[in-house]
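Reviewing the structure listed below.
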Amino acid sequence: MLNKIIFFIFFIYLSSGVSLSYSYELDREKPVFLESDSAKWDEESQKSTYRGNVVVTQGSMLLTGELLIVTSRNNEINRMVITGEKATYKQKTVSGKIINGEAKKIQYYVDQSKIIFINKAVLTQTNNIVKSNKIIYNTDSENITAGDKKGKARVKMTLEPKKDNE
499 MLNKIIFFIF
509 FIYLSSGVSL
519 SYSYELDREK
529 PVFLESDSAK
539 WDEESQKSTY
549 RGNVVVTQGS
559 MLLTGELLIV
569 TSRNNEINRM
579 VITGEKATYK
589 QKTVSGKIIN
599 GEAKKIQYYV
609 DQSKIIFINK
619 AVLTQTNNIV
629 KSNKIIYNTD
639 SENITAGDKK
649 GKARVKMTLE
659 PKKDNE
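Per this note's numbering, the sequence shown starts with residue 499, numbered consecutively.
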């Protein structure tokens, strides 16, 4: 009887983990909502420009800034570049953690699952913090690359030890 209860609890745990991962993947399939003070669409170049208090949401993803340029290919968004004194990014990861990012410029390559934070970049996940002039974040693998190849951009990290109750 105890084995059946343990198996049932384990099954529920696995099922909930799969559904969390599955719901994250659905973010890409959800519509993109854009809000701004003004907007302009150029059909020929498939570029749109949004100015003033820009807010972009797609599922759990949130982008904010002052200026957003969206580039599309075959009527599919492939890149979003958002800028501002403090452009921000927030999204729930595959593992269920919340990642927050900020920089003066954020380049989101939707088709490559890659986000580049440029100029005063900060990326935070739980209590771990990465600061650099350039941070590259892969949304699929959750891998982070910071600094530059020439070693001229310093990288500062704060890594919190795992707590006993986590």
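Backbone N, C-alpha and C define an ideal beta-carbon position, used for all residues, glycine too. Note that the coordinates shown come from a computational prediction; the quantities given were computed from them, not determined experimentally.
When the distance is taken between beta carbons, is residue j closer than 8 Å to residue i?
{"i": "Gln623", "j": "Ile613", "result": "no"}
{"i": "Ile627", "j": "Ile633", "result": "no"}
{"i": "Gly550", "j": "Asp525", "result": "no"}
{"i": "Leu565", "j": "Lys588", "result": "no"}
{"i": "Val568", "j": "Ser546", "result": "yes"}
{"i": "Arg577", "j": "Val608", "result": "yes"}
{"i": "Asn617", "j": "Asn598", "result": "no"}
{"i": "Thr637", "j": "Lys603", "result": "no"}
Return no unless some Cβ of chain C is closer than 8 Å to the Cβ of residue i.
{"i": "Lys602", "result": "No chain C is present in this structure, which holds just one protein chain."}
Can you grab the Cα-Cα spacing for the pair residue i / residue j, in whole Å?
{"i": "Leu518", "j": "Glu640", "result": "Caution is warranted here: a pLDDT of 34 is assigned to Leu518, below 50, making its placement in the model unreliable, and no coordinate value can be reported."}
{"i": "Gly645", "j": "Glu583", "result": "20 Å"}
{"i": "Lys538", "j": "Lys590", "result": "30 Å"}
{"i": "Ala585", "j": "Arg571", "result": "24 Å"}
{"i": "Val553", "j": "Gly563", "result": "7 Å"}
{"i": "Met655", "j": "Tyr635", "result": "15 Å"}
{"i": "Val620", "j": "Glu542", "result": "35 Å"}
{"i": "Gln544", "j": "Glu658", "result": "44 Å"}
{"i": "Phe615", "j": "Glu574", "result": "22 Å"}
{"i": "Val653", "j": "Ala601", "result": "14 Å"}
{"i": "Val592", "j": "Glu527", "result": "15 Å"}
{"i": "Ile596", "j": "Gln610", "result": "20 Å"}
{"i": "Glu533", "j": "Asp540", "result": "17 Å"}
Under the three-state reduction of DSSP, which class applies to residue i: helix, strand or coil?
{"i": "Asp540", "result": "strand"}
{"i": "Arg571", "result": "strand"}
{"i": "Val530", "result": "coil"}
{"i": "Val592", "result": "coil"}
With DSSP as the reference, please indicate the residues paired to residue i in a beta bridge.
{"i": "Lys629", "result": "Val620 and Lys654"}
{"i": "Glu600", "result": "Thr586 and Val620"}
{"i": "Asn636", "result": "Lys612"}
{"i": "Gly563", "result": "Val552"}
{"i": "Ser546", "result": "Trp539 and Val568"}
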